[in-house]
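See below for the structure under consideration.
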Amino acid sequence: MSTVAPASTLAVSATGGFSDAELAALRADFPILGRTVRDGRPLVYLDSGATSQKPRQVLDAERDFYERHNAAVHRGAHQLAEEATDAFEAARAAVAGFVGVDADEVVFTKNATEGINLVAYAMSNAATAGPESARFVLGPGDEVVVTEIEHHANLVPWQELCKRTGATLRWLSVDDEGRLDLEGLDTVVGERTKLVAFTHASNVLGTMPPVAPIVARAREVGALVLLDACQSVPHGPVDLPALGVDFAVFSGHKMLGPSGVGVLWGRRDLLAAMPPFLTGGSMIEVVRMEGSTYAAPPQRFEAGVPMAAQAVGLHAAVDYLRALGPDATGMARVAAHEHALTESLLAGLAERPWIRVIGPTTTDQRGGAVSFVVDGVHSHDVGQVLDDAGIAVRVGHHCAWPLHRRFGITSTTRASFGPYNGLDDVRSLLVGLDQVRDVFGAGS
Numbered sequence: 162m163s164t165v166a167p168a169s170t171l172a173v174s175a176t177g178g179f180s181d182a183e184l185a186a187l188r189a190d191f192p193i194l195g196r197t198v199r200d201g202r203p204l205v206y207l208d209s210g211a212t213s214q215k216p217r218q219v220l221d222a223e224r225d226f227y228e229r230h231n232a233a234v235h236r237g238a239h240q241l242a243e244e245a246t247d248a249f250e251a252a253r254a255a256v257a258g259f260v261g262v263d264a265d266e267v268v269f270t271k272n273a274t275e276g277i278n279l280v281a282y283a284m285s286n287a288a289t290a291g292p293e294s295a296r297f298v299l300g301p302g303d304e305v306v307v308t309e310i311e312h313h314a315n316l317v318p319w320q321e322l323c324k325r326t327g328a329t330l331r332w333l334s335v336d337d338e339g340r341l342d343l344e345g346l347d348t349v350v351g352e353r354t355k356l357v358a359f360t361h362a363s364n365v366l367g368t369m370p371p372v373a374p375i376v377a378r379a380r381e382v383g384a385l386v387l388l389d390a391c392q393s394v395p396h397g398p399v400d401l402p403a404l405g406v407d408f409a410v411f412s413g414h415k416m417l418g419p420s421g422v423g424v425l426w427g428r429r430d431l432l433a434a435m436p437p438f439l440t441g442g443s444m445i446e447v448v449r450m451e452g453s454t455y456a457a458p459p460q461r462f463e464a465g466v467p468m469a470a471q472a473v474g475l476h477a478a479v480d481y482l483r484a485l486g487p488d489a490t491g492m493a494r495v496a497a498h499e500h501a502l503t504e505s506l507l508a509g510l511a512e513r514p515w516i517r518v519i520g521p522t523t524t525d526q527r528g529g530a531v532s533f534v535v536d537g538v539h540s541h542d543v544g545q546v547l548d549d550a551g552i553a554v555r556v557g558h559h560c561a562w563p564l565h566r567r568f569g570i571t572s573t574t575r576a577s578f579g580p581y582n583g584l585d586d587v588r589s590l591l592v593g594l595d596q597v598r599d600v601f602g603a604g605s
């Protein structure tokens with residue numbers, strides 16, 4: 162990020178996050194944060210859990226690619242094709258380094274949802290793919306385990322996989338505080354479990370399930386583990402191999418990058434044994450009329466012309482996030498900064514008895530997504546009043562319908578942070594919620 166002070170002059174705030182001067186410089190990189198909405202009100206963007214805003218550096222990287230290097234990746238032999246391919250593979254290496262993995266273990270997908278579907282469909286295809294794919298084969302009597310806090314992207318693909326294979330879907334429950342109930346772990350994850358898929362951080366509750374005991378139990382029974390890291394990778398340092406999981410997914414658009422690009426990471430030996438999901442050009446080794454063989458990963462899973470400009474933009478986002486701290490420690494500072502914002506918001510909500518937070522009310526083992534209900538007021542009405550004040554939050558079930566049913570509610574209002582948010586944004590939200598109370602008589 163060009164406008165942040167060099168490492169030697171960084172003034173770390175008391176929380177370990179960004180100083181006021183740094184935050185102001187950071188926000189200046191995001192053109193959209195300078196606009197007004199709803200009759201000239203300054204935009205307060207608190208919907209980064211849905212999608213983050215993009216700094217100029219990301220926008221410029223995509224524009225530069227199209228203006229100077231645009232060509233089909235991995236196809237042509239001319240100079241532009243070589244430049245485009247080099248930029249695409251450089252992006253892969255940068256993303257891999259960001260989460261502590263090797264570049265050949267990173268598969269670019271359209272988004273995290275596609276990454277999860279890729280694994281689910283590869284497991285469907287395993288039955289006819291040959292003996293090297295035997296470990297992925299599912300059938301009647303086998304089980305897939307998820308949790309009650311998953312959003313639809315990490316639930317529906319597994320439901321469909323079970324339909325296709327005859328396997329059974331099971332799940333771990335959530336307690337009233339919004340924490341995962343691990344008392345049933347040894348029962349739910351058993352000898353028949355072939356795969357355990359769970360989120361690293363809930364997009365509704367903010368809850369961060371304990372990874373270690375779930376992975377340990379999966380290892381005991383020989384099950385694979387997929388981690389949905391959509392709400393963790395954008396908000397703090399994540400070392401995927403250290404977590405012990407086999408697969409992980411995350412989206413570019415939630416981490417300051419473009420839409421249209423996501424990441425599936427898989428352990429090398431697993432990707433090498435896994436059959437492809439989509440077939441066609443660029444993912445092949447040899448093609449004859451009688452049949453085809455497939456390229457080694459990651460190209461095996463990237464059929465067709467890939468999203469080169471989006472990958473280049475994601476590379477710029479990775480560089481930007483790392484540069485937010487000295488010696489590429491930006492993600493640690495992002496985590497500290499957003500932790501302080503979450504703590505402040507939870508404290509402000511606790512002072513308003515007519516508001517009920519759904520999920521943990523402390524910052525212990527939780528991310529920055531804070532969902533709540535306002536007594537007697539539908540979340541859509543809450544969102545309307547906040548929107549009229551220029552405050553963008555998300556309302557509804559946040560693609561986590563079963564989780565809302567678990568808490569006996571149909572919808573919530575959710576505030577979620579990005580590194581560009583500050584305490585002023587938290588104050589604006591709390592003032593806006595007081596206006597909701599005044600308009601609708603909440604709690605009276």
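The opening residue of the sequence shown carries number 162 in the numbering used here; numbering runs sequentially from there. Using N, Cα and C, we set each Cβ at its ideal position, and we do this for glycine too. In this text, all values refer to a predicted model and were calculated from it rather than measured experimentally.
- [ ] Can you check DSSP and say which residues form a bridge with ASP208?
- [x] SER577
Task: Any 3 or more C-beta pairs closer than 8 Å across the segment 219-231 and the segment 482-498 - done: no
Task: Inter-residue Cα distance where the pair is THR574 and GLU451 - done: 55 Å
Task: Cβ neighbours of GLY509 in the same chain (closer than 7 Å, five flanking residues each side left out) - done: VAL587 and LEU591
Open item on the list: Below 8 Å on the Cβ atoms is my contact criterion, and I expect PRO318 with ILE375 to pass it. Report the Cβ-Cβ distance as a whole number of Å.
Closed with: Wrong, their Cβ atoms sit about 19 Å apart, outside the cutoff.
TODO: Report all residues from its chain with a CB closer than 7 Å to the CB of ARG331; omit the five preceding and five following residues, and keep chain order.
DONE: GLU304, VAL306 and VAL349
TODO: Assign VAL410 to buried or exposed, taking buried as 16 or more other Cβ atoms, counted over all protein chains shown, within 10 Å of its Cβ.
DONE: buried
Open item on the list: Tell me the DSSP secondary structure of SER213 in three-state form.
Closed with: coil
- [ ] From the DSSP output, read off the bridge partner residues of ALA553.
- [x] TYR206
TODO: Measure the C-alpha to C-alpha separation of PRO395 and LYS415 and round it to an integer number of angstroms.
DONE: 6 Å
- [ ] Find the nearest neighbour of VAL260 within the set GLY302, VAL280, ARG428 and PRO521, judged by alpha-carbon distance.
- [x] ARG428
Task: Paired residues, beta bridge with TYR455 - DSSP - done: ILE445
TODO: List the residues that DSSP assigns as beta-bridge partners of PHE269.
DONE: VAL424
- [ ] Can you give me the start and stop residues for the alpha helix (DSSP H) that VAL382 sits inside?
- [x] 372-382
Task: Within-7 Å CB hit, GLY583 to chain C - done: Note that chain C does not occur in the displayed structure, where there is just one protein chain.
TODO: Spell out a yes or no on whether the segment 457-472 and the segment 490-506 are touching, meaning 3 or more CB-CB pairs, one atom from each, closer than 8 Å.
DONE: no
- [ ] Over the uninterrupted beta strand (DSSP E) stretch that includes TRP332, give me the two end residues.
- [x] 329-333
Task: Limits of the unbroken beta strand (DSSP E) element including LYS355 - done: 354-360
Open item on the list: Does ALA377 pass the burial test, meaning 16 or more other C-beta atoms within 10 Å, or should it be called exposed?
Closed with: exposed
TODO: Flag this pair as yes or no: are the beta carbons of CYS133 and HIS313 separated by less than 7 Å?
DONE: No information on residue 133 is available, as it lies outside the stretch 162 to 605 that the chain covers here.
TODO: With DSSP collapsed to three states, give me the class of ILE277.
DONE: helix
TODO: Give the single residue among PRO192, GLU223 and LEU425 whose Cα lies nearest to the Cα of VAL262.
DONE: LEU425
Task: Cβ separation of VAL198 and GLY551, assumed to be a contact under 8 Å, to the nearest whole Å - done: 5 Å
- [ ] Please name the residue in PRO192, TYR206 and GLU183 whose C-alpha comes closest to that of LEU547.
- [x] TYR206
Open item on the list: If you reduce the DSSP assignment to three classes, tell me which class PRO167 lands in.
Closed with: Interpretation of PRO167 is limited by its pLDDT of 33, a score under 50 that renders its predicted location unreliable; the figure taken from the coordinates is listed afterwards. Here PRO167 sits in coil by DSSP.
Open item on the list: Using only CA atoms, which one of GLN545, PRO521, ALA251 and ASP400 lies nearest to GLN596?
Closed with: GLN545
TODO: Pull up the CB-CB distance for LEU356 and ILE310, whole angstroms please, since I reckon it's below 8 Å.
DONE: That belief does not hold up - the Cβ atoms of LEU356 and ILE310 are roughly 17 Å apart, past 8 Å.
TODO: Could you check what DSSP says for VAL234 in three-state terms: helix, strand or coil?
DONE: coil
TODO: Can you check the segment 508-537 for any beta strand (DSSP E) of at least 3 residues that lies completely inside it and give the ranges in chain order?
DONE: 516-519 and 531-535
- [ ] Would you kindly work out how many angstroms separate the C-alpha atoms of LYS271 and GLY413, rounded to a whole number?
- [x] 9 Å
TODO: Pair every Cβ in the segment 453-466 with every Cβ in the segment 435-443, then say whether three or more of these pairs are closer than 8 Å.
DONE: yes
Task: Burial state of SER169, where buried means 16 or more other Cβ atoms lie within 10 Å - done: Confidence at SER169 is low in this model, with a pLDDT of 30, below 50, so the placement of that residue should be treated as unreliable; the coordinate-derived value is given next. With fewer than 16 Cβ atoms within 10 Å of its Cβ, SER169 is classed as exposed.
Task: Selection from TRP562, VAL543, LEU564 and PRO563 that minimises the alpha carbon distance to VAL554 - done: VAL543
Open item on the list: Spatial neighbours of ILE445 within its chain, please: C-beta separation below 8 Å, excluding the five flanking residues on both sides.
Closed with: SER453, THR454, TYR455 and ALA456
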